[in-house]
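Novice:
Laid out in structure tokens, this is it:
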């Protein structure tokens, strides 16, 4: 069974094989596993408070799975609060990738191909934060490839084809940079995707308990610099095209 605070999503559940219920407590009362798919750790704490009586009275084994990306310390806080209510409740930390906006709308999709055991609670959120940092670094590096190449007069598509088939390949270069070169105008492409990723690294990684503040602030400044440079150069090229026309 499932519960969604979004009325449209709740109605959609009715048309699937999932039984929709009208309240959180009802959804958790007879369940053996409860999945929290919300935007923030504070929402997780809020839900825990809302269903505390149900958790306290749960007589069978209950496993709560956290799919929310949150600070490692906050995961431990959730564990402490659950233990106060019912020592028999198990907590599984499994942060999933996606955007806060999609989480708020209830539009995240979960597909599992491999499960990693990361050890004690908090480790999975630490790994997720590190994953975000690596992704951010790859994005900046991919843009630097193109910038340096252009300074030496190399065509971006030629440079991309060589880099994409060598040891320099990474997900951002192979996917997002390819769309940028194809002048893909979707919201997550071209100069706007740089801003999206800059905001992602700022809102998620900077709030985590991983890494030192100097590294995170440095990454944020680098993202801002690359984004500003890209938008400025794009505007200059647009003006040049108009002048030629």
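Numbering (our numbering), first residue to last: 642 to 886.
By construction, the Cβ of each residue, glycine as well, lies at the ideal position given by its N, Cα and C atoms.
Computed from a predicted structure; not experimentally measured.
Where does residue 842 land, buried or exposed, given buried means 16+ other C-beta within 10 angstroms?
Specialist: With a pLDDT of 49 at residue 842, under the threshold of 50, the modelled position of this residue cannot be trusted; read the value that follows with caution. Buried, since its Cβ has 16 or more Cβ neighbours within 10 Å.
Novice: Terminal residues of the continuous beta strand (DSSP E) containing residue 756?
Specialist: First-last for residue 756: undefined, no H or E at that position.
Novice: Quick one: give me the first and last residue of the beta strand (DSSP E) that residue 674 is part of.
Specialist: 674-677
Novice: Whose CA, out of 779, 755, 736, lies closest to the CA of residue 762?
Specialist: 736
Novice: So, using beta-carbon positions, are residue 709 and residue 681 closer together than 8 angstroms?
Specialist: For residue 709 and residue 681, yes; Cβs fall inside 8 angstroms.
Novice: For the region 785-805 against the region 766-774, are there 3 or more C-beta pairs whose distance is under 8 angstroms?
Specialist: Contact annotation: the region 785-805 does not touch the region 766-774, with fewer than three C-beta pairs closer than 8 angstroms.
Novice: Along the chain, where does the alpha helix (DSSP H) containing residue 791 start, and where does it finish?
Specialist: From DSSP, the alpha helix (DSSP H) with residue 791 extends over 764-792.
Novice: DSSP three-state label for residue 738, please.
Specialist: coil
Novice: At what residues does the beta strand (DSSP E) containing residue 703 begin and finish?
Specialist: 703-707
Novice: Using a Cβ-Cβ cut-off of 6 angstroms (strictly less than) and excluding sequence neighbours within five positions of residue 670, which residues of its own chain qualify?
Specialist: Result list for residue 670: 695, in chain order.
Novice: Around the C-beta of residue 752, are 16 or more other C-beta atoms found within 10 angstroms, so that it is buried, or is it exposed?
Specialist: exposed
Novice: Residue 678 and residue 685 - do their beta-carbons sit closer together than 8 angstroms?
Specialist: no
Novice: Do you know offhand how far residue 795's Cα is from residue 713's?
Specialist: For residue 795 and residue 713, the distance between alpha carbons rounds to 44 angstroms.
Novice: Starting from residue 692, follow the alpha helix (DSSP H) in both directions and report where the run begins and ends.
Specialist: Premise fails: residue 692 is in no alpha helix (DSSP H) and is neither H nor E.
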